[in-house]
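Asks:
In this note's numbering, the protein residues as written are 43 to 455.
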C-alpha cells in the first residue's frame, strides 16, 4: 500500500475535528449574542460571522478533497482487484517422474544353520563383519565325529586288505572271480561310510559360501545347537534388488514404451533421508503374475552397491523418468479445486467464463499435465480465478502460453 495514501486519514480527521470545534464555538457565540465585557461586541459579532462562513468553506473543501481522493483510490483498488489475465493451454514435450515406494533386498541373503548336533565350540566372526568365501565362521565340537571317521577308516582299510588277499588267490586260481567281486563291493561300502563320516565332520565347521556381511548372532559360544538351528544370516550386498509395485496401466505403458528387447530406462533411488543414491539402476525382472487383490505387479530394479551403503531390509522411493511427447500443460495457478475435483474457468466466444472440470494426469513443479477437459484452442483464466463467477462476462488481458509457462512460480488457488 502507498504510505502517502495510508497516512491521509490520520491527517484529515484532526483537521476536520478542529474545524468542527471552531464551527461549534462560533455558532454558540453567534446564536446567544453574549455580551463580553471590555470588548466591542458588535465588531466581535461581525468577525464571528466572517469566521463562520470561512469555517464552512474550509470544511466543505476538506471533505470534498477527502471524498475525491479516497473515492478515486477505492475505485482504483476495485478496478485492480478485477483485473483478469487469460492464457491458453500449451502442448510441449515434458519429462515426468513417477514415484514408487520400494523395499531393498540383498541379491543373496541366506540363513546359516547348524548341520549337525553339538556344542558350539568357537565363533570366529563378529556381528556386522565382512567375510570372504571359505572363511571359517562357526565350529561345533567335532570329537564324536572324529572318532566315527576314524572307525570307518579302519573298516575301509580292513576291507582293502581282504580284497588284496583274495585278489592274490584269484591270480593263482585259488578262488573264483566272483569271490573277488564280493570283496570289491565290501570295500566300496566301507569307503562310502568313510565319506559319510567325513561329511559329518566337515559339517561341524560352518564356512562362508560367498563374500558378504554378517548379521546378528543368534547363538553364543558354548551353546548346545541342534541340526537346523539358525546361527546367523549372511548378505551379499554387492548388488541390491529393489522391489516396487506397479499398476496394470503403468505396466502396459512400460511394455509399450520399452518392449521385450529394448533397453530399460534409468531408475533412480531416493533414500529415507530424502538424499539420492549416487548409482543408477536398471529393471532386472518383472514378476510373472499380478496380485489379484490390488491389481499390481512387482518390478525389480538392480542397483550396484560398491560402497555397501544399502543394506538388506531398507526402504526408499524409486523414481522413474518418462518422456511425454506433445503433452497438454497448464499452470497450476490457473486451476481451483472443489469437492476433490479440479476445475478451470474457460472463456467462450462472447468473453463469458464457464467452469469446466479437468482431469490431471500428472503433476509437475507448478504445472499440471492434462488428459481431459481443455484443448490448446481454449482460453482459460490464469489470474483472477477467485474474482470471476460462472456465467459472468469479463474484460481481460491475454498472455501467451509461452509467457505464462515461463512464470509459473505460484500455487494453485
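By construction, the Cβ of each residue, glycine as well, lies at the ideal position given by its N, Cα and C atoms.
Just so we're clear, the structure is a prediction, and the values are computed from it rather than from any experiment.
(1) Below 8 Å CB to CB, which residues in the same chain sit around residue 147 once its five sequence neighbours on both sides are set aside?
(2) Report the start-end ranges of each alpha helix (DSSP H) in the region 307 to 369 that is 4 residues or longer and not cut off at the edges.
(3) Short of 8 Å in beta carbon distance, which residues of its chain neighbour residue 422, apart from the five on each side in sequence? Order them along the chain.
(4) Could you pull the DSSP bridge partners for residue 384 from this structure?
(5) Can you name the residues that DSSP bridges to residue 297?
(6) Kindly indicate which residue of 321, 198, 429, 180 has the alpha-carbon position closest to the one of residue 235.
(7) From residue 222 to residue 163, what distance separates their C-alpha atoms?
(8) Among residues of its own chain, excluding the 5 on either side of residue 453, which ones have a beta-carbon nearer than 6 Å to its beta-carbon?
(9) Could you say which of 273, 257, 305 lies nearest to residue 172 if we only look at CA atoms?
(10) Taking buried to mean at least 16 other C-beta atoms within 10 Å of its own C-beta, is residue 167 buried or exposed?
(11) Contact check, residue 347 vs residue 287 under 8 Å by CB: the rounded distance?
(12) Quick check: the region 243 to 260 against the region 174 to 185, are there 3 or more CB pairs under 8 Å?
(13) Alpha carbon to alpha carbon, how far is residue 156 from residue 260? Give it in angstroms, no decimals.
(14) Are the CB atoms of residue 358 and residue 343 within a distance shorter than 7 Å?
(15) Let me check understanding here. Comparing Cα to Cα, which of 394, 427, 312, 333 lies closest to residue 145?
(16) If you run the structure through DSSP and keep just helix, strand and coil, what is residue 208?
(17) Could you check whether residue 189 and residue 253 sit closer than 7 Å to each other, using their CB atoms as the reference points?
(18) Counting only the same chain and skipping the five closest in sequence on each side, list residues whose C-beta sits under 7 Å from that of residue 116.
(19) Along the alpha helix (DSSP H) that carries residue 245, what are the first and last residues, could you check?
(20) In three-state terms, what does DSSP make of residue 34?
(21) Would residue 138 and residue 426 be called neighbours here (beta carbons separated by less than 7 Å)?
(22) Among the residues of its own chain, which have a CB less than 8 Å from the CB of residue 158, if the five just before and after it don't count?
(23) Express the C-alpha separation of residue 232 and residue 208 in angstroms, rounding to a whole number.
Replies: Let me lay it out:
(1) Take residue 147, set aside five residues on each side of it, and the residues of its chain with a beta-carbon closer than 8 Å to its own are 282, 283, 284, 285, 354, 355, in chain order.
(2) The qualifying runs do not exist here; there are none.
(3) Short of 8 Å from the beta carbon of residue 422, and not among the five residues preceding or following it, lie these beta carbons of its own chain, in chain order: 128, 129, 130, 131, 372, 376, 386, 387, 388, 389, 416.
(4) 379, 400
(5) The partner list for residue 297 (beta bridge, DSSP) is empty, contrary to what the question assumes.
(6) Taking the Cα of residue 235 as reference, the smallest distance to any Cα among 321, 198, 429, 180 is reached at 198.
(7) 45 Å
(8) With a pLDDT of only 48 at residue 453, under 50, the local geometry of the prediction cannot be trusted, and the value read off the model is given with reservation. For residue 453, where only same-chain residues beyond five positions count, there are no Cβ hits under 6 Å.
(9) 257
(10) buried
(11) Not confirmed; about 22 Å, so no contact.
(12) yes
(13) 11 Å
(14) no
(15) 312
(16) helix
(17) no
(18) Low confidence applies here, because residue 116 scores a pLDDT of 48, under 50, leaving its location unreliable; read the following figure in that light. There are no such residues.
(19) In the DSSP assignment, residue 245 falls within the unbroken alpha helix (DSSP H) covering 219 to 245.
(20) Nothing about residue 34 can be reported from this structure: the residues present for the chain run from 43 to 455 only.
(21) no
(22) 182, 187, 242, 245, 246, 269
(23) 17 Å
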